[in-house]
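First comes the structure, then the notes that go with it.
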């Protein structure tokens with residue numbers, strides 16, 4: 003029964019390994035390794051380590067002379083007190099060795115167990131490949147990379163680090179919040195519509211910009227940020243593929259204006275769609291459509307005008323007195339960085 007159980011276990015290990023390898027066809031390999039490992043004690047001038055080394059030297063000729071052996075490696079870590087022996091074989095040779103119970107594995111592990119100070123004896127099987135490239139392959143890889151760089155369209159920039167971009171977005175939003183608060187207070191405005199640059203049409207980044215605008219100002223800070231959470235607003239950000247729009251209505255003004263209704267009306271001007279909706283903040287986008295002449299920068303100002311006109315109809319934005327042909331529209335240029 004013991005022999006049958008051993009054979010069955012070996013068969014199950016082989017089938018399991020084949021299933022795992024089949025699920026990862028992108029990981030090519032020609033060798034499989036068997037690792038024997040244990041922990042040694044540093045007591046008595048590492049006596050247990052020296053005894054383990056002596057046992058390895060006894061079986062090293064047998065390991066090295068097996069058919070298909072590519073390497074026999076020893077790993078010793080003085081910090082974590084690891085002692086490991088790794089024997090690498092070709093796939094075919096490994097399967098044959100496995101059928102023999104990885105001899106002399108059983109004898110070697112028994113010898114380790116008998117050494118005072120040795121503990122944590124374990125085994126593991128895994129693929130092991132030498133991936134160092136030769137000069138020819140290195141040159142081929144470098145040429146391929148250079149060709150890919152050369153084939154990139156001129157002016158194409160690598161993706162910006164998300165953390166750095168978010169930092170820029172939050173900084174711009176915080177400064178814009180202070181500016182909105184000042185402009186609104188001077189003009190007695192309850193709502194404000196403007197554009198920001200750094201989100202570059204990204205809805206999530208535009209939402210972060212809105213949060214930075216609405217954040218409470220810390221009077222102890224040298225440079226004030228935010229402070230416009232009491233002012234309703236709609237902000238716009240143009241990217242290459244879309245114009246992102248975010249609307250915000252403070253709780254105390256939600257009886258006068260429904261955030262989603264305001265945003266839907268503005269988006270409808272160029273066939274945009276709402277992407278998220280709540281009582282206080284709603285977001286949406288208008289996709290670029292060259293066939294219909296819809297480009298983010300081109301439609302941004304008309305949509306700001308539409309947002310202001312909707313507010314006028316609700317009595318929430320000053321009426322145009324007719325003295326100037328130009329509507330009051332605030333964009334990036336009105337708030338220099």
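Numbering (our numbering), first residue to last: 3 to 339.
We treat Cβ as the ideally placed atom computed from N, Cα and C, and that holds for glycine.
- DSSP places residue 91 within a strand segment (E or B) once states are collapsed to three.
- According to the DSSP assignment, residue 302 belongs to no beta strand (DSSP E) but to the alpha helix (DSSP H) extending over 298-315.
- Counting the other CB atoms within 10 Å of its CB gives residue 177 a total of 16 or more, which places it among the buried residues.
- Distances from the CA of residue 62 to each of 105, 50 and 47 were compared; the closest alpha carbon is that of 105.
- Taking a contact as a CB-CB distance under 8 angstroms, the pair residue 50 and residue 120 counts as one, their CB atoms being some 5 angstroms apart.
- At the C-beta level, residue 218 and residue 234 stay beyond 7 angstroms of one another.
- Closest by C-alpha distance to residue 43, out of 182, 76, 30 and 115, is 115.
- The three-state reading of DSSP puts residue 41 in strand, counting E and B together.
- Contact check for residue 285 against residue 248 passes: the beta carbons are separated by less than 7 angstroms.
- The stretch 255-268 makes no contact with the stretch 216-231; the number of CB pairs closer than 8 angstroms stays below 3.
- Secondary structure at residue 105: coil, using DSSP grouped into helix, strand and coil.
- In the DSSP assignment, residue 180 falls outside any beta strand (DSSP E) and within the unbroken alpha helix (DSSP H) covering 164-189.
- Contact between the stretch 84-95 and the stretch 28-37 is established, with three or more Cβ pairs separated by less than 8 angstroms.
- Taking 7 angstroms as the cut-off, the beta carbon of residue 295 is found no closer than this to the beta carbon of residue 241.
- Secondary structure of residue 60 (DSSP, three-state): helix.
- If only uninterrupted beta strand (DSSP E) runs of at least 3 residues are considered, those enclosed by the stretch 252-291 are 275-278 and 283-289.
- A residue is called buried once 16 or more other Cβ atoms fall within 10 Å of its Cβ, and residue 128, having fewer, is exposed.
- Residue 197 is a Cβ neighbour of residue 302, given a cutoff of 7 angstroms.
- Beta-bridge analysis with DSSP links residue 195 to 236.
- It is roughly 25 angstroms from the alpha-carbon of residue 108 to the alpha-carbon of residue 82.
- In this structure, DSSP gives residue 124 an extended state, which the three-state scheme calls strand.
- The three-state reading of DSSP puts residue 134 in coil, since its state is none of H, G, I, E or B.
- Residue 73 carries a strand assignment under DSSP once its states are collapsed to helix, strand and coil.
- For the pair residue 73 and residue 60, the Cα-to-Cα distance works out to about 17 angstroms.
- Between the alpha carbons of residue 212 and residue 168 lies a gap of roughly 12 angstroms.
- Residue pairing by DSSP places residue 129 opposite 34 in a beta bridge.
- Beta-bridge pairing by DSSP links residue 86 to 39 and 77.
- In this structure residue 270 is exposed. Its beta-carbon is surrounded by fewer than 16 other beta-carbon atoms within 10 angstroms.
- Listed in chain order, the non-local C-beta contacts of residue 279 below 7 angstroms within the same chain comprise 262, local neighbours out to five positions each way being set aside.
- Note on geometry: alpha-carbon atoms of residue 316 and residue 251 lie some 14 angstroms from one another.
- Judged by DSSP secondary structure, residue 245 falls outside any alpha helix (DSSP H) and instead within the beta strand (DSSP E) spanning 244-250.
- Counting of Cβ neighbours within 10 angstroms places residue 54 among the buried residues, the total reaching 16 or more.
- DSSP places residue 225 in the coil class of the three-state scheme, outside both helix and strand.
- Distance from the CA of residue 85 to the CA of residue 78, rounded to the nearest whole angstrom, comes to 5 angstroms.
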